[in-house]
Amino acid sequence: MRRIVGVLSLIFLISCSSQETFKKTPVDQFIIDMSDVKNFTVLLHDMDAEEHMFTANEYRHQYKIITMGADSVPQSKVTEWYPVSESFFNLHSGDIGMEIASKVDGKVSKQVSPPGYSGYVGNTRYGQWRTNPSTGTSFWEFYGRYAMFRSIFGMGYYGPIYRSSYYDYRRHYSSGRNYYGGSSGSPRYGSYSSGATKSNPSFSRRMSSNSSFKSTVNNSVSRSPARSAAGSKSTGYKSTSSRYGSGSSSRSRSSSSGGK
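Be aware that the sequence shown starts at 1, since it is given in UniProt numbering, and climbs by one per residue.
Shown next, in the form of structure tokens:
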């Protein structure tokens, strides 16, 4: 009997400790605050980190939130800087410019996706696939009234969205894997892509001029709990180059793996 009481006490203490240490992320709070919003997208707009010798390191995020306003006119705003935990910073250190949360027709997901992919690219409500007659390649084109999506999501920095790449993304999404595009070591999206460099010059400058910040980001990428996709050329998250390839597992990141 004494042993049973001891085990129950230990379980209670662990439970209380977990409750005390749990803290909602800014993204969690956004989702709560926009519970009555049917469609939204949260992009990781920027991040920063300061290392301190005698005090705790500081980690910060800045987000871009995109919603549909009156008459289906897209609206966006860049938030203030928010303090985040080291673990949350590590989790998304490679995701500059990426969607890290979205809500599509009332369904919330935290799976990382390229900007605009979760609810707008491939959605015939907003655009259509067009074929280049000279090359035969199919690419995504927004209808005129939604052409501003390319600017709002920063899609122009990443080049055309080809149908083959989108279908590759959908295969990764359906199996819970993040999609960064490109070949192994050369991502098309995310913190190490040329698109992120162009779309966020301040982040790019910090990465090139601040060796401490660059080291923090690189180390965070290598410590990410995600794993490489089975069967891909990527070997895991042991280096910044190996993080990227056709995709990476994100089951632990996503609250929903449903599609459109």
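C-beta atoms are modelled at their ideal positions from N, C-alpha and C, and glycine is treated no differently.
Since this is a predicted model, take the numbers as computed values, not measurements.
Could you check if R205 is buried or exposed, using at least 16 other CB atoms within 10 Å of its CB as the buried criterion? By 1-based counting over the sequence shown, the position of residue 205 is 205. With fewer than 16 Cβ atoms within 10 Å of its Cβ, R205 is classed as exposed.
From what residue to what residue does the alpha helix (DSSP H) around P26 run? On the sequence shown, position 26 is the one that residue 26 refers to. Run containing P26: 26-33, per the alpha helix (DSSP H) assignment.
If you draw a straight line from the alpha carbon of R253 to that of F88, how long is it in whole angstroms? Counted from its first residue, the sequence shown places residue 253 at position 253. Counted from its first residue, the sequence shown places residue 88 at position 88. For R253, the pLDDT reaches just 42, beneath the cut-off of 50, and the residue's location in the model is therefore unreliable, although a value from the coordinates is still provided. For R253 and F88, the distance between alpha carbons rounds to 10 Å.
Go ahead and label A56 buried or exposed: buried means 16 or more other beta carbons lie within 10 angstroms of its beta carbon, across all protein chains shown. Working through the sequence shown from its first residue, we reach residue 56 at position 56. A56 is exposed by the Cβ-count criterion.
Does the contact criterion of 3 or more C-beta pairs under 8 Å hold for the stretch 72-89 versus the stretch 99-114? no
Roughly how many angstroms lie between the CA atoms of I32 and L44, to the nearest whole one? To locate residue 32, count along the sequence shown from 1; it is residue 32. To locate residue 44, count along the sequence shown from 1; it is residue 44. Spanning the two alpha carbons is a distance of roughly 18 Å.
Can you tell which of S134, Y59, F153, G97 has its C-alpha closest to the C-alpha of V121? Stepping through the sequence shown from its first residue, residue 121 is reached at position 121. It is F153 whose Cα lies nearest to the Cα of V121.
Tell me where the beta strand (DSSP E) around S186 begins and ends. Position 186 of the sequence shown, counted from the first residue, corresponds to residue 186. No residue range can be given for S186, since it is assigned to no beta strand (DSSP E) and is classified by DSSP as neither H nor E.
Looking only at its own chain, which residues have a Cβ that is under 7 Å from the Cβ of G231, when we skip the five neighbours before and after it? Counting from one through the sequence shown, the residue named residue 231 turns up at place 231. Summary for G231: the model assigns pLDDT 31, below 50, so the residue's position carries little reliability, and this model does not support an answer.
Same chain, Cβ closer than 6 Å to D48, neighbours up to 5 away in sequence not counted: Walking along the sequence shown from the start, residue 48 turns up at place 48. Scanning its chain for C-beta atoms nearer than 6 Å, with the 5 sequence neighbours on each side dropped, one finds around D48 the residues R60, in chain order.
Name the DSSP bridge partner or partners of F40? Counting from one through the sequence shown, the residue named residue 40 turns up at place 40. BP columns for F40 point to T67, K103.
Which residues share a DSSP beta bridge with K77? Looking up residue 77 in the sequence shown gives position 77. The partner list for K77 (beta bridge, DSSP) reads I65.
Per DSSP, which one or two residues make a beta bridge with E58? For the purposes of this step, residue 58 is identified with residue 58 of the sequence shown, where counting begins at 1. According to DSSP, E58 bridges with E50.
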